[in-house]
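The sequence shown maps to residues 508 to 1122 in the numbering used here.
To start, the structure under review is shown below, and the notes come after it.
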Amino acid sequence: MEEKKLDINSIIGFMLIFAILIFWFYTNQPTPEEAEAQKKEQVTRQEENENPTPSSKLSEEDSIDLNDSTAVAAYNKTIGDFSFTKASPEITTLENEVLFLRISNKGGQVVEARMKDYVTFDSVPVHLVREGNASFDLQFTTNDNRVLHTKNLYFEPTLAKSGENQILSMKAKVAPDQYLEYQYEMKPGEYLLDFKVRTQGLSGMVNAGQPIQLNWQLRGIRHSKSVQYENRYTRLTYNYEDGKISKLSEGSDDEETEEAVKWLSYRQHFFSSILASEKLFANAQLSSKNLAEDDDAAKFTKEYAANIPLALDGGELDYDMHWYYGPTDIKELDRYKELGLADSIPFGWGIFGWINRYIFTSFYTLLISFLPYGIAIIVMTIIVRLVMSPVTYKSYLSQAKMKVLKPEITELGEKYKDNAMKKQQETMKLYNKAGVSPMSGCVPALLQLPIFYALFMFFPTSFALRQKPFLWADDLASYDTIAHLPFSIPFYGDHVSLFPILASIAIFFYMMMTTGQSMQTQPGMPNMKFIMYLSPLMMLFFFNNYASGLSLYYFISNLITIFIMLAIKKFILDEDKIHAQIQENKLKPKKENKFQRKMRELMEQAEAQKNSGKR
508 MEEKKLDINS
518 IIGFMLIFAI
528 LIFWFYTNQP
538 TPEEAEAQKK
548 EQVTRQEENE
558 NPTPSSKLSE
568 EDSIDLNDST
578 AVAAYNKTIG
588 DFSFTKASPE
598 ITTLENEVLF
608 LRISNKGGQV
618 VEARMKDYVT
628 FDSVPVHLVR
638 EGNASFDLQF
648 TTNDNRVLHT
658 KNLYFEPTLA
668 KSGENQILSM
678 KAKVAPDQYL
688 EYQYEMKPGE
698 YLLDFKVRTQ
708 GLSGMVNAGQ
718 PIQLNWQLRG
728 IRHSKSVQYE
738 NRYTRLTYNY
748 EDGKISKLSE
758 GSDDEETEEA
768 VKWLSYRQHF
778 FSSILASEKL
788 FANAQLSSKN
798 LAEDDDAAKF
808 TKEYAANIPL
818 ALDGGELDYD
828 MHWYYGPTDI
838 KELDRYKELG
848 LADSIPFGWG
858 IFGWINRYIF
868 TSFYTLLISF
878 LPYGIAIIVM
888 TIIVRLVMSP
898 VTYKSYLSQA
908 KMKVLKPEIT
918 ELGEKYKDNA
928 MKKQQETMKL
938 YNKAGVSPMS
948 GCVPALLQLP
958 IFYALFMFFP
968 TSFALRQKPF
978 LWADDLASYD
988 TIAHLPFSIP
998 FYGDHVSLFP
1008 ILASIAIFFY
1018 MMMTTGQSMQ
1028 TQPGMPNMKF
1038 IMYLSPLMML
1048 FFFNNYASGL
1058 SLYYFISNLI
1068 TIFIMLAIKK
1078 FILDEDKIHA
1088 QIQENKLKPK
1098 KENKFQRKMR
1108 ELMEQAEAQK
1118 NSGKR
């Protein structure tokens, strides 16, 4: 019976992968103090919803009957020198082929934003703004130090056209030539609107010593089957200081104050509400709160808020901005390269994000242009594994060399079993003579990490996979379900997904091939049998709630790796030739490099000190 061999490279690779997963998982868990604070926050928020106060009702605050002259006069009196003209409390509609907006005269703000081409997991149209979940407000301080909120004012709408573009002007007027204006410009087939904010003739009425505060709040509406999974990729992202991208925490409540902000994105996994400005916001106070509960009955994911001071220009306000209400899709966001909105997509950091964005995303987009989505994943997986096959070969070659040397290493271990230092010295000499490096397989394992992480980020964030079925999975961007459980298992969920099971089985057989049960008894080595069972179990639990496309990739990837390793073993590598080559290498004089010489000298010094101490 062939003795199974130690694959030190696989051990290192899996330990690194486990470390990444465990680090990622635990860093996203709130501390006990944060968990308690979140629980109190949820209780408070629930009480507010059951007993709403005027400040918590975004769409009904301070409403007045505009036909009641006494009420209008009383309202105008509360805002000092400002005396705005009447406007009717109506709704103006803007829509094109892809986006439907309703803009209220009260506050001049968007009260409904709906995408025409997309539905949620339960076939409801996707809304980013609806039923008072969002508020846009400018806070003025008047020259007699009264505070004025524009969300309480009534704006006069004027709808016009410029070519095919629709232009909606919303004016809160003091007089015909004195007003605050919001101007929305919608273009055909686009999710991006031009948005201008300006004042005219109000310089003498606004306290120039107090900045105008822009307040934008939004509660993210749940769109996906698993609110916990959706919330994991729901995040406030912003661009600051000439192109830098930063984010608030996705796992716990967070807040930040940043300078020189260009845009901020309230991402709701696959859909985003983005506010961008042509001139930088001097600073922005940003916050994010988790709203998702432990069960899948939650209606909201996170609550976002931004407070941004706006600078006056000659005593007047003049900002050219943009609203984006649409999919978090690279194809859409890349249309606005000058704004850099595509950077709001969580491709990953550093080289990992670059590989995801420019290699995997581009390559997969090419494949789905002529292949079904699930087949495209399989084809991409096959090509990735074939491209990485030289790395697999190097790793397997290192294993084969170590196997050939194992009898001699065992003999050295027995000979110097009472002298660990001498044993290590002689083992290193053997490696040097044979031309074998025990670390040569580490590089192939490390080379695969960027691929692993890039694909780990690709599948959960690829908009192209959203609601695309394959086999029994009805959505490759969400988990597949073959059975529903009458209870929920911690970290696993209340359903059974088949793709993670298949991926776990494939990993189990792969580790049986590469790890070997005999290695569990080696001193200083981890219990390999335990790792062999732990790896599939971790896959099963970690990925039961992840995108089924990701589990499909790991299943196919491990199957292909197994076949490649069998092919290398049967048709490419010849252990007798490897043994002969090692014996030939032993006869050749070896020149030590500086590092090897230094290590040998240090070990000899340590051995000499040890021997002198015994005398």
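Just so you know, even glycine gets a beta-carbon here, dropped at the ideal spot from N, CA and C.
From a predicted model like this one, the values you see are computed outputs, not experimental measurements.
Thinking C-beta only, is T1068 closer than 8 Å to Y1017?
Here residue 1017 corresponds to residue number 510 of the sequence shown, with the count starting at 1. Here residue 1068 corresponds to residue number 561 of the sequence shown, with the count starting at 1. Taking 8 Å as the Cβ cut-off, Y1017 and T1068 qualify as a contacting pair.
What did DSSP end up calling T764 once you bin it into helix, strand or coil?
If you number the sequence shown from 1, residue 764 lands on position 257. In this structure, T764 counts as strand in the three-state DSSP scheme.
Is there contact between the segment 681-690 and the segment 698-708, where contact requires at least three CB pairs shorter than 8 Å?
yes
Sequence-distant residues of its chain with Cβ nearer than 7 Å to I744 (five each side left out):
In the sequence shown, counting from the first residue as 1, residue 744 sits at position 237. A small fix is needed here, since residue 744 is Thr in this sequence, not Ile. Closer than 7 Å at Cβ, skipping near neighbours: I752, K754, S772, R774, S851.
For E810, which beta-bridge partners are listed by DSSP?
Residue 810 sits at position 303 when you count from the first residue of the sequence shown. Beta-bridge pairing links E810 to R726, K796.
Could you please give me the residues that DSSP links to D820 through a beta bridge?
Indexing the sequence shown from 1 puts residue 820 at position 313. In the DSSP output, where bridge partners are listed per residue, D820 has E823.
Are there 16 or more other CB atoms within 10 angstroms of the CB of L798, so buried, or fewer, so exposed?
Here residue 798 refers to the residue found at position 291 of the sequence shown. The residue is buried, with at least 16 neighbouring Cβ atoms inside 10 Å.
Anyone know if the C-beta pair for E766 and A783 falls short of 8 Å?
Reading the sequence shown from its first residue, position 259 is the one you call residue 766. Reading the sequence shown from its first residue, position 276 is the one you call residue 783. No, the pair does not count as a contact, with Cβ atoms beyond the cut-off.
Please report the distance separating the alpha-carbon of E671 from that of T599.
Against the sequence shown, residue 671 aligns to sequence position 164. Against the sequence shown, residue 599 aligns to sequence position 92. Distance between the alpha carbons of E671 and T599: 18 Å.
Residues bridged to G1000 (per DSSP):
The residue you call residue 1000 lines up with position 493 of the sequence shown. For G1000, which the question treats as bridged, DSSP gives the partners I996.
With distances taken from CA atoms, which of F643, F628, I958, D629 is nearest E619?
As a working mapping, residue 619 is identified with position 112 in the sequence shown. Nearest C-alpha to E619: F643.
What are the residues that DSSP puts in a beta bridge with G847?
Here residue 847 refers to the residue found at position 340 of the sequence shown. Bridge partners of G847: none, in fact.
Kindly identify the DSSP beta-bridge partner or partners of W770.
Position 263 of the sequence shown holds residue 770. Note: W770 is bridge-paired with N746, A783 in the DSSP secondary-structure output.
What residue range is occupied by the uninterrupted beta strand (DSSP E) comprising T648?
Within the sequence shown, the letter at position 141 stands for residue 648. Start and end: 641-648.
Scan the segment 828-885 and note each continuous alpha helix (DSSP H) run of 4 residues or more that stays entirely inside, going in chain order.
837-840, 857-862, 868-874
Between the beta-carbon of I837 and the beta-carbon of V891, is there less than 8 Å?
The count along the sequence shown starts at 1 and reaches residue 837 at position 330. The count along the sequence shown starts at 1 and reaches residue 891 at position 384. Contact flag unset, no.
Would you kindly work out how many angstroms separate the C-alpha atoms of G1000 and A980, rounded to a whole number?
Position 493 of the sequence shown, counted from the start, is the residue given in the question as residue 1000. Position 473 of the sequence shown, counted from the start, is the residue given in the question as residue 980. Each residue's Cα considered, the two are about 17 Å apart.
Nearest candidate by alpha-carbon position, reference L848, set S1058, S795, F778
In the sequence shown, counting from the first residue as 1, residue 848 sits at position 341. If we check each option's Cα against that of L848, F778 comes out closest.
Just mark V894 as buried or exposed, buried being the case when its beta carbon has 16 or more other beta carbons within 10 Å.
For this step, residue 894 is matched to residue 387 along the sequence shown. So V894 ends up on the exposed side.
Checking 8 Å against the spacing of the C-beta atoms, do R739 and F807 come in under that value?
Taking the first residue of the sequence shown as position 1, residue 739 is located at position 232. Taking the first residue of the sequence shown as position 1, residue 807 is located at position 300. Their beta carbons are not under 8 Å apart, which means R739 does not touch F807 by this criterion.
When I1071, S611, F998 are compared against M1046, the one with the closest alpha-carbon:
Your numbering for residue 1046 matches position 539 in the sequence shown. The candidate whose alpha carbon is nearest that of M1046 is F998.
What would DSSP say about E921, mapped onto helix, strand or coil?
On the sequence shown, residue 921 is found 414 positions in, with the first residue counted as 1. E921 falls in the helix class under three-state DSSP.
Give every residue of the same chain whose Cβ lies closer than 7 Å to the Cβ of L1066, excluding the five residues on either side of it in the sequence, and list them in chain order.
The residue you call residue 1066 lines up with position 559 of the sequence shown. Within the same chain, L1066 has close Cβ partners A1013.
Q974 versus S1055 - alpha carbon distance:
For the purposes of this step, residue 974 is taken as the residue at position 467 of the sequence shown. For the purposes of this step, residue 1055 is taken as the residue at position 548 of the sequence shown. Going by the C-alpha atoms only, they are around 11 Å apart.
Classification of H991 by the beta-carbon crowding that lies within 10 angstroms, buried from 16 upward
Taking the first residue of the sequence shown as position 1, residue 991 is located at position 484. Exposed, since its Cβ has fewer than 16 Cβ neighbours within 10 Å.
Residue of Q616, E602, L660 minimising C-alpha distance to D624
Taking the first residue of the sequence shown as 1, we reach residue 624 at position 117. Answer by Cα proximity: E602.
Is it right to say S669 is buried, meaning 16 or more other beta carbons lie within 10 angstroms of its own, or is it exposed?
Numbered from its first residue, the sequence shown carries residue 669 at position 162. Looking at its Cβ environment, which holds fewer than 16 other Cβ atoms inside 10 Å, S669 is exposed.
Once you ignore the five residues that flank P853 on each side, which residues in its own chain have a CB closer than 6 Å to its CB?
Locating residue 853 in the sequence shown gives position 346, counting from the first residue. Here the set comprises T968.
Start and end of the alpha helix (DSSP H) containing A1072?
Within the sequence shown, the letter at position 565 stands for residue 1072. The residue you asked about is not Ala; residue 1072 is Met in the sequence shown. Where M1072 is concerned, the enclosing alpha helix (DSSP H) stretches over 1055-1074.
With distances taken Cα to Cα, identify the nearest neighbour of G750 among K844, V1003, H776, K1077.
Looking up residue 750 in the sequence shown gives position 243. Out of K844, V1003, H776, K1077, K844 has the C-alpha closest to the C-alpha of G750.
Three-state secondary structure assigned by DSSP to A961
One-based indexing of the sequence shown puts residue 961 at position 454. In the three-state reduction of the DSSP assignment, A961 falls in the helix class, which pools H, G and I.
In or out: N652 buried (at least 16 other Cβ within 10 Å) or exposed?
Residue mapping note: residue 652 aligns to position 145 of the sequence shown, counting from 1. It counts as exposed.
To which residues of the same chain is K769 closer than 6 Å at the C-beta, ignoring the five residues directly before and after it?
Mapped onto the sequence shown, residue 769 falls at position 262. Once the five neighbours on either side are set aside, the close Cβ partners of K769 are N746, L787.
Looking only at DSSP bridge pairs, what is T706 linked to?
The sequence position of residue 706 within the sequence shown is 199, counting from 1. According to DSSP, which records beta bridges pairwise, T706 is partnered with L687.
Between the C-alpha atoms of G639 and K680, what's the straight-line distance to the nearest angstrom?
Taking the sequence shown and counting its residues from 1, the one referred to as residue 639 is at position 132. Taking the sequence shown and counting its residues from 1, the one referred to as residue 680 is at position 173. In a straight line, the C-alpha of G639 is about 25 Å away from that of K680.
Under 8 Å between the Cβ atoms of V713 and T649?
Numbered from 1 along the sequence shown, position 206 holds the residue referred to as residue 713. Numbered from 1 along the sequence shown, position 142 holds the residue referred to as residue 649. Yes, the Cβ-Cβ distance between V713 and T649 is below 8 Å.
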